[in-house]
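Colleague: Please see the structure below; I have some questions.
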Amino acid sequence: MSTLDVPTIIAAGLDDWRPLVHSLHTRYRTGDFATGLEFVVDIGAAAEAANHHPDVKLTYTHVDIQLLSHDSGGITERDLELARTISDLAAERSLEADPSRLTTVEIALNAVDKDAIGPFWAAVLTGDPGAYATDEVTDPTGQVPLLWFQPTESRTEVPPMCFHLDVWIPVGQLPARIEAGVAAGGRIFDDSESPSFVVLEDAEGNKACLCTVMDRD
């Protein structure tokens with residue numbers, strides 16, 4: 001099944017859901033563990049019926065859900081259909097979605113020769129050097145954020161900036177997140193690629209990218 005582009009996903013009208021990186025995400029506020037557990041059981045039954053299974057995280061106050069067609073490498077019509085079903089199940093239980101709280105973090109490392117250092121970081125982060133492939137380290141257990149390698153000719157910054165965080169947020173939250181970062185003592189370093197990403201830096205020059213799915217291939 002082919003993956004869908006961002007305009008198609010947005011046009012689907014899934015108000016409870018937001019695309020982040022290559023997957024669909026939502027958070028439902030449940031208020032207590034028992035309600036959340038019952039909701040997760042509902043989701044599990046719907047997933048089995050659809051033969052399509054989301055990643056679900058249950059906490060005391062909320063349930064986080066991620067949808068992705070792993071065999072296609074992105075969001076497909078299957079994910080939209082299951083998202084609609086899950087939204088209907090939440091509505092039946094009067095659960096409120098809170099997509100404004102969604103965030104996904106990736107780590108970026110400047111690398112002159114990514115193949116020389118990739119297996120090391122895969123071994124350190126996951127215990128398996130084979131977790132490095134192409135230009136990133138992916139933990140199959142989902143315990144650590146994805147690490148990707150940003151090509152660089154040399155480290156010319158003083159002090160050298162090797163690591164930075166890519167903080168993926170819903171596009172509608174970008175202005176507020178920038179405002180919060182600046183109010184907390186940071187500044188905008190580069191907004192020339194907005195709304196795809198905006199680079200902020202703290203008072204000592206450490207940088208982070210606020211990223212959205214807009215204006216990307």
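Heads up, the sequence shown is in the UniProt record's numbering, so the first residue is 1 and it goes up one at a time. All C-beta atoms in this analysis are idealised placements derived from N, C-alpha and C, irrespective of residue type, glycine included.
1. From the DSSP secondary-structure annotation, give me the bridge partner or partners of residue 162.
2. Using a Cβ-Cβ cut-off of 7 angstroms (strictly less than) and excluding sequence neighbours within five positions of residue 23, which residues of its own chain qualify?
3. Under 7 angstroms, do residue 200 and residue 167 count as touching if we go by C-beta distance?
4. State the beta-bridge partners of residue 26 as determined by DSSP.
5. On the premise that residue 169 lies in contact with residue 102, defined as a C-beta separation below 8 angstroms, what is that separation, rounded to the nearest angstrom?
6. How would you label residue 7, buried or exposed, when you count the other beta carbons within 10 angstroms and need 16 or more for buried?
7. I need the boundaries of the beta strand (DSSP E) containing residue 201, first residue and last residue.
8. Taking three-plus beta-carbon pairs below 8 angstroms as touching, is the segment 103 to 121 in contact with the segment 131 to 150?
9. Closest to residue 118 by CA distance: which of 60, 58, 146 is it?
10. Going by DSSP in three states, residue 188 sits in which element: helix, strand or coil?
11. Under three-state DSSP, which class holds residue 55?
12. Do residue 21 and residue 104 have their C-beta atoms within less than 7 angstroms of each other?
Modeller: This is what the structure holds:
1. Bridge partners of residue 162: none, in fact.
2. 66, 67, 68, 75
3. For the 7 angstroms CB-CB criterion, residue 200 and residue 167 do not form a contact.
4. 65
5. 7 angstroms
6. exposed
7. Element bounds for residue 201: 197 to 201.
8. yes
9. 146
10. In this structure, residue 188 counts as strand in the three-state DSSP scheme.
11. strand
12. yes
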